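See structure below.
Protein chains: 2
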Amino acid sequence: MTTESTEERVLAAVRERREQVNAAIDEDLPLTEPERLWEASRYLLKAGGKRLRPTVSLLAAEALADVPPLSVDYRQFPALDGETVDVMAGAVSLEVIQSFTLIHDDIMDDDALRRGVPAVHKAYDVDTAILAGDTLYSTAFEIMAETGAAPANGLEAMRMLADTCTRICEGQAMDVEFEHRTEVLPEEYLEMVESKTAVLYGDAAATPAVLLGADDEAVDALYNYGIAAGSAFQIQDDVLDLTVPSEQLGKQRGSDLVENKETLITLHARQQGVDVDNLVDAETAETLTDDAVEAAVETLNEAGSIEYAREKARSLVEQSKADLEVLPDNEARNLLEDIAEYLISRGY
Amino acid sequence: MTTESTEERVLAAVRERREQVNAAIDEDLPLTEPERLWEASRYLLKAGGKRLRPTVSLLAAEALADVPPLSVDYRQFPALDGETVDVMAGAVSLEVIQSFTLIHDDIMDDDALRRGVPAVHKAYDVDTAILAGDTLYSTAFEIMAETGAAPANGLEAMRMLADTCTRICEGQAMDVEFEHRTEVLPEEYLEMVESKTAVLYGDAAATPAVLLGADDEAVDALYNYGIAAGSAFQIQDDVLDLTVPSEQLGKQRGSDLVENKETLITLHARQQGVDVDNLVDAETAETLTDDAVEAAVETLNEAGSIEYAREKARSLVEQSKADLEVLPDNEARNLLEDIAEYLISRGY
């Protein structure tokens, strides 16, 4: 199994579902009155996105039900009790939550661009962006309430969604807090990554299991799969920032270093006695040179810090694949394994 | 039944439940890590508030169950199927949503004070306030998920909560939009008030009915009661701004006029041909005199506009009381009627 073919399979799986996901987003979030609010709320969702999380969710349903990929209508998916459930609504709900968090995060970080278009608070204004995020927030719960799942399962999916959102907020708060702290332990960093990024993958994978009425073992396995794979994804992001050429990254390589962003790599290096604060001279990404980054990377390599992060991401991916072993061995499960691989093998 | 004794009964009903409600808020939103986030999230809830909506919710439970007020533990309240339900959790959930909307509204309106203390975005900062609001948002859903109600009822309460939040966002967007429009119909204003303010009263009253398993007739009656009473409350606010002496209001009488805030009164007056934009000369509340307000009020009285708003509020209160007639006639129902009266008879 080569890296290339894993990536190809993953991108095909995403592509094959994207049109359906996009159509479902349009159906579940129609453009109604007040029009400006709904335009702003839909703006980022319409601007694109890979739809990786919805794909994880839809594949998890197929893996559990042990059906060939794309063979069953996601809107009327067979639950274990013989009824049908709208697992697409669950997937859309998670994508809507993701969109809400991006809109509010971009305000907090004052990021001007997102998915190649102006962030919502730039395209509109900060007040509208706050309100658009708030609107998506409750709409996600409205959509999750209408899956047609057995009430106990529907209620549990709603509870899990609420818990996921609270953890995302806590993760964001931890991220902000770490910027003001001199010492952060790698374990604390991993907890932050899990809350801020990975729980949404966990919820995306586990939601169909809950909705379809799977047993706790399957629900937990899929949740843990998403947590491990999502954490690996974020750690790999930190590795890529240092190791991929700027042209390929689409931004200056090593920019995390000038922004004093702590990552698993810098936290490990600090523990090894590396003077992380003076790894590069530059004050901004614009004045940072590739030579300076190369020297910093050499120091971090000598301390074993980049390898440490790579190893951590790799072991999380292995763990995420092991989590899936309680599911039937089928094509959808193989694709979920491929997605975990892809999250750390992607070039950027 | 004099106005004074209605007010006394309502204030006693609120006071008798406030300590329990405050204790429940503390239990359901403990101060955990990350501490600064949870401090900011709890800040406004701890700063006080009458707890009028939770009182409505708890009284609705007692009216439905036909039990004497304060005779049954709200945490283990008898449902119609013989199980017990935590109706206090439902009441707390609604108060938490109210708190989230206030935090985000204060950012949007850049209001510096709330409940006599600095608004959250002033006591902390805008980013923390956005995140604190977001945290309360999902926490409200987490709390509502844990009432112990039959799953179908719990799920319906969650769906209703999500719908309520979306409508509040839409109401806020309409309010902002109206500031930029030259012509707003009174019906549109009433729709905005219903969405922005009244649905939360509707949800507070209807949630215990849903959780306890009451029939649709009772759920609808309580929801409509809350909608009508909550709308009357907001319209009365507009009347009070013009008719109550500044000392009693705690702010300059007539300040809505200088802020060019459209109300049911000004919209009616415009329809009668009154030149509302030039009713007062002053540009700010500080330069506004009571004489100028008196002259404006006289014009509005001649146009019948203040009376129109008063009549509208009065008829909404009558309607809200009529809505309650499907419930058993008992002390709790009488107190809900008193609350509706109080919302328009209060002096400020």
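Protein chains in written order, with our numbering: chain B, 1 to 348; chain H, 1001 to 1348.
The beta-carbon is built from N, C-alpha and C at its ideal position, and this holds for glycine as well.
Keep in mind the model is a prediction, meaning the values are calculated, not measured.
Partners in chain H for residue i, counting only beta-carbon separations shorter than 7 Å
i: B/T135; result: T1166 and C1169
i: B/D163; result: E1142
i: B/R15; result: Within chain H, no residue comes near B/R15; the closest Cβ sits about 31 Å away, beyond 7 Å.
i: B/R351; result: Residue coverage of chain B in this structure runs from 1 to 348, which leaves residue 351 of chain B outside it and unanswerable.
Exposure label - residue i; buried when at least 16 CB within 10 Å
i: H/T1251; result: The displayed chain sequence assigns Lys, not Thr, to residue 1251 of chain H. Classification of H/K1251: exposed, given that the 10 Å Cβ count is below 16.
i: H/R1017; result: buried
i: H/T1182; result: exposed
i: H/T1012; result: One detail in the question is off: residue 1012 of chain H reads as Ala in this sequence, not Thr. Per the 10 Å Cβ criterion, exposed.
i: H/K1050; result: exposed
i: H/H1121; result: buried
i: B/Q236; result: buried
i: H/E1156; result: buried
i: B/S255; result: buried
i: B/R15; result: exposed
i: B/A63; result: buried
i: H/G1116; result: exposed
i: B/S71; result: exposed
i: H/P1054; result: buried
i: H/S1005; result: exposed
i: B/E302; result: exposed
Alpha-carbon to alpha-carbon, residue j and residue i
i: B/R159; j: H/E1027; result: 18 Å
i: B/V96; j: B/T139; result: 8 Å
i: B/H268; j: B/Q172; result: 21 Å
i: H/G1304; j: H/L1200; result: 30 Å
i: H/V1176; j: B/A129; result: 13 Å
i: H/R1310; j: H/V1326; result: 27 Å
i: H/A1060; j: H/L1222; result: 8 Å
i: H/R1152; j: B/P151; result: For clarity, residue 1152 of chain H is Ala in the given sequence; the question names Arg instead. Roughly 5 Å separates the two Cα atoms.
i: B/L161; j: B/D203; result: 7 Å
i: H/S1057; j: H/H1104; result: 24 Å
i: H/D1220; j: H/T1164; result: 14 Å
i: B/N356; j: B/L185; result: For chain B, the structure presents residues 1 to 348; residue 356 of chain B sits outside this window and is missing.
i: B/F100; j: B/T299; result: 39 Å
i: B/A296; j: B/Y225; result: 34 Å
i: B/L316; j: B/E337; result: 12 Å
i: B/E146; j: B/L324; result: 28 Å
i: B/A40; j: B/A132; result: 6 Å
i: B/A47; j: B/L94; result: 17 Å
i: B/D290; j: B/R253; result: 7 Å
i: H/Y1074; j: H/Q1020; result: 9 Å
i: H/L1356; j: H/L1045; result: This structure gives no information on residue 1356 of chain H, because the portion of chain H shown stretches from 1001 to 1348.
i: B/L211; j: H/E1033; result: 30 Å
i: H/A1209; j: H/F1077; result: 12 Å
i: H/D1111; j: B/P245; result: 47 Å
i: B/C169; j: H/L1343; result: 36 Å
i: B/E7; j: H/M1108; result: 44 Å
i: H/R1270; j: H/R1314; result: 22 Å
Contact set between residue i and chain B, taken where Cβ atoms lie within less than 9 Å
i: H/S1005; result: Chain B residues near H/S1005: none, gap ~40 Å exceeds 9 Å.
i: H/P1030; result: Correct list: empty, because the minimum Cβ distance to chain B is about 12 Å.
i: H/G1254; result: Simply none; closest approach about 26 Å.
Closer than 7 Å at the beta carbon, the chain B residues around residue i
i: H/G1154; result: L155
i: H/P1034; result: E170, A173, M174 and E177
i: H/R1314; result: Chain B residues near H/R1314: none, gap ~29 Å exceeds 7 Å.
Partner residues on chain B for residue i, Cβ-Cβ distance less than 8 Å
i: H/A1089; result: Per Cβ cutoff of 8 Å: no residues; H/A1089 is ~12 Å from chain B at best.
Check: residue i C-beta below 7 Å from any heavy atom of the ligand ZN
i: H/D1275; result: The model on display carries no ligand, and the ligand ZN is accordingly not part of it.
Chain-ordered chain H contacts of residue i [CB-CB under 8 Å]
i: B/Q172; result: L1131
i: B/L37; result: C1169, E1170 and A1173
Where residue i meets chain H, residues with beta-carbon distance less than 9 Å
i: B/R181; result: Those within 9 Å of B/R181 in chain H number zero; the least Cβ separation is about 11 Å.
Complete beta strand (DSSP E) runs within the segment 117 to 168 of chain B (minimum length 3 residues, chain order): Listed in chain order, there is nothing to give.
Contact set between the segment 118 to 150 of chain B and chain C, restricted to residues whose Cβ is under 7 Å from the partner: This model lacks chain C altogether, as its protein chains are B and H.
Within the segment 1040 to 1081 of chain H, ranges of the alpha helix (DSSP H) (whole runs, at least 4 residues): 1052 to 1065
Chain H contacts made by the segment 96 to 115 of chain B, where a contact means CB separation under 7 Å: H104, I107 and M108
Every unbroken alpha helix (DSSP H) inside the segment 273 to 348 of chain B [4 residues or more]: 290 to 302, 305 to 323 and 331 to 345
Those runs of the alpha helix (DSSP H) which lie wholly inside the segment 1186 to 1270 of chain H and span at least 4 residues: 1186 to 1193, 1199 to 1212, 1216 to 1243, 1246 to 1249 and 1255 to 1258
Within 7 Å of chain H by C-beta, residues of the segment 38 to 53 of chain B in sequence order: none
Positions along the segment 1060 to 1077 of chain H whose CB lies within less than 8 Å of some CB in chain B: none
Positions along the segment 320 to 337 of chain B whose CB lies within less than 8 Å of some CB in chain H: none
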